[in-house]
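Enquirer: Heads up, the sequence shown is in numbering that gives the first Met the number 0, so the first residue is 0 and it goes up one at a time.
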Amino acid sequence: MTVSTHMLRRRRFLPLFVTQLLNAFNDNLYKTAMVLFVVYEVYRSEEAEGMFSAVASAVFILPFFLLSA
Numbered sequence: 000m001t002v003s004t005h006m007l008r009r010r011r012f013l014p015l016f017v018t019q020l021l022n023a024f025n026d027n028l029y030k031t032a033m034v035l036f037v038v039y040e041v042y043r044s045e046e047a048e049g050m051f052s053a054v055a056s057a058v059f060i061l062p063f064f065l066l067s068a
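1. Thinking C-alpha only, which one of 59, 14, 45 is nearest residue 29?
2. Since residue 52 is in the alpha helix (DSSP H), which residue starts that stretch and which ends it?
3. Quick one: grab the DSSP three-state call for residue 12.
4. Looking only at its chain, what residues have a beta carbon closer than 8 Å to the beta carbon of residue 46, apart from the 5 residues adjacent to it on each side?
Written out as structure tokens, the structure is:
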């Protein structure tokens, strides 16, 4: 058994890995849901859709840049 797979099975690391996995999943789910909702309900032009998608991605990434050590 390699060291990396052994770490996955250790009890003290498993909650950390699960928490990080769920956090990444939730961030992407909320971003995608917001973009799809706004794009299909508010904006009808392709240019506005692309612009909003880029702005929404930047808004979700911005806290990670500002608050990272």
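Built from N, CA and C at the ideal position, the CB exists for glycine as well.
Expert: Straight from the coordinates:
1. Closest option to residue 29, Cα to Cα, is 59.
2. Residue range 45–66 is occupied by the alpha helix (DSSP H) that includes residue 52.
3. Residue 12 falls in the coil class under three-state DSSP.
4. none
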